[in-house]
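Chains as they are written, first to last, in the working numbering: chain A, 5 to 241; chain B, 4 to 210.
Structure follows, in structure tokens:
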């Protein structure tokens, strides 16, 4: 994304709309910080510029295109061979039964909320969780970034790309989940320069209940009172 | 992805304030379920959502229904729990074979399932935010920005809108409409956002 200097009238209306603060004024002249911009295209899509001075290049080169893939929900994910920033996860679990009783699904979303993340932050997390013996979810876009799935190491050319968020998704046996959570949280607190949101997926019992929330509270966590629930509608036939 | 999860500010003190419905076809079934998705869109629109997918891009209810055949996901936000109960009952009666996810207070989901004689199948729970949380903005600002799970609502835009409300150039409702636009999935609750903006505007300006 860039500002066409010949069209820009320096009205500064565009500056606040950027989620990562990449649109800036220097001596009243507006520019987009190329390093900070995550190519989310919010500024362009909103049509905030009355002069049409916000523009996109004809083709964003690789690896920069990964910024759009992990930041712009309207961008098709050819670069990672998967649509979207994550997978269907539990949203269609009543059809595919990917998350079974006795397992807990994890989602570690780096950069969310607000701050964004470099893929080098993701590299730290994928290496860490791979060393803990987890297997990433099939179709997770992050897999396409990996140089070596046995170590979790990402391709070197992607590490300095900045994105709104990137999600590492995997499942582990239920009896390992809370110990693994403790270790991941400690790692994130110590090693990352950004934030990460962690969520956990649990298949309900026949009465529609889960024990996970209570177990998290007993462990000292403070899970949100709200969340996502697949209500099994696809099974009604 | 987790985009309707991790919304902050919901409370058991204000049950039913916000219920997001997401309908999704498993990708292997997408080609077979076009008509069912159109029917799903028609039912969602019948219950007059506060916001819905594509609305921030200018999509109307009439345009959404025929387009639904080609999409794998529909989203809509509701602010009346009784409407959602009737909506879920109607979807159930149609036996569309499409997955439905409710994002809301877990207690609201339980009430809705009970009324519709359904049982929760799979939960996704937010454990919270970790790492450099000291870099995050004000919690009330976050209650707006976290409504877009893709992170497209700028904290600076929220502050800009609040300033314009203080100056009398925007109403909170107009401000909510502006802030809902970056979220193309249409999952921003305009009503709650307007209320948060009013609260932010009444605060002492510390900027």
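Using N, Cα and C, we set each Cβ at its ideal position, and we do this for glycine too.
Item                                                                                                                                                                               : Value
For residue 4 of chain B and chain A, any beta-carbon pair shorter than 7 Å?                                                                                                       : Note that residue 4 of chain B scores a pLDDT of 47, beneath 50, so its modelled location is shaky and nothing firm can be said.
Assuming residue 235 of chain A and residue 123 of chain B form a contact by the criterion Cβ under 8 Å, report the distance between their Cβ atoms to the nearest whole angstrom. : 6 Å
Could I get the ranges of all uninterrupted alpha helix (DSSP H) runs contained in the segment 187–227 of chain A, with 4 residues as the minimum, in chain order?                 : 216–222
Are the C-beta atoms of residue 100 of chain B and some chain A residue less than 7 Å apart?                                                                                       : yes
Compare the C-beta of residue 26 of chain A against all C-beta atoms of chain B and say whether one is closer than 7 Å.                                                            : no
Where does residue 29 of chain B fall in DSSP's three states?                                                                                                                      : coil
Measure how close the beta-carbons of residue 43 of chain B and residue 102 of chain B come, nearest whole angstrom, since I'm counting them as under 8 Å.                         : Contact doesn't hold; Cβ gap of about 10 Å is too wide.
With 7 Å as the threshold, decide whether the Cβ of residue 130 of chain B is near any Cβ in chain A.                                                                              : yes
Can you find at least 3 beta carbon pairs, one from the segment 15–23 of chain B and one from the segment 96–110 of chain B, that sit closer than 8 Å?                             : yes
Report back the beta-carbon spacing between residue 7 of chain B and residue 25 of chain B to the nearest angstrom; my notes put them in contact at under 8 Å.                     : 6 Å
For a quick check, are the C-beta atoms of residue 100 of chain B and residue 33 of chain B less than 7 Å apart?                                                                   : no
Can you name, in chain order, every residue of its own chain whose Cβ lies under 6 Å from the Cβ of residue 10 of chain A, other than the five neighbours on each side?            : none
Taking buried to mean at least 16 other C-beta atoms within 10 Å of its own C-beta, is residue 40 of chain B buried or exposed?                                                    : buried
Does any residue of chain A bring its CB to less than 7 Å from the CB of residue 58 of chain B?                                                                                    : no
Count the CB pairs spanning the segment 111–120 of chain A and the segment 144–152 of chain B that are closer than 8 Å, and state whether there are at least three.                : yes
For residue 174 of chain A, which residues in chain B fall below 7 Å Cβ to Cβ?                                                                                                     : Result: empty, since nearest Cβ-Cβ is about 14 Å, beyond 7 Å.
Does the beta carbon of residue 69 of chain A sit closer than 7 Å to a beta carbon anywhere in chain B?                                                                            : no
How should residue 60 of chain B be labelled, buried or exposed, when 16 other C-beta atoms within 10 angstroms of its C-beta is the threshold for buried?                         : exposed
At a CB distance below 8 Å, what residues from the segment 114–127 of chain A approach chain B? Give them in sequence order.                                                       : 115, 116, 117, 118, 119, 120
Are there 16 or more other CB atoms within 10 angstroms of the CB of residue 96 of chain B, so buried, or fewer, so exposed?                                                       : exposed
Please classify residue 78 of chain A as buried or exposed, where buried requires at least 16 other C-beta atoms within 10 Å of its C-beta.                                        : exposed
Sort B/38, B/73, B/142, B/79 by Cα distance to residue 49 of chain B and report the nearest one.                                                                                   : B/79
Give me the Cα-Cα distance between residue 8 of chain A and residue 43 of chain A, rounded to the nearest whole angstrom.                                                          : 16 Å
Closer than 6 Å by C-beta to residue 37 of chain B: which residues in its own chain qualify, once you throw out the five before and the five after it? Chain order, please.        : 72
How would you call residue 116 of chain B, buried or exposed, if buried means at least 16 neighbouring beta carbons within 10 angstroms?                                           : buried
For residue 108 of chain B, which of helix, strand or coil comes out of DSSP?                                                                                                      : strand
Does the separation of the CB atoms of residue 155 of chain A and residue 98 of chain B fall below 7 Å?                                                                            : no
Against chain B, with Cβ distances strictly below 7 Å, would residue 51 of chain A count as a contact?                                                                             : no
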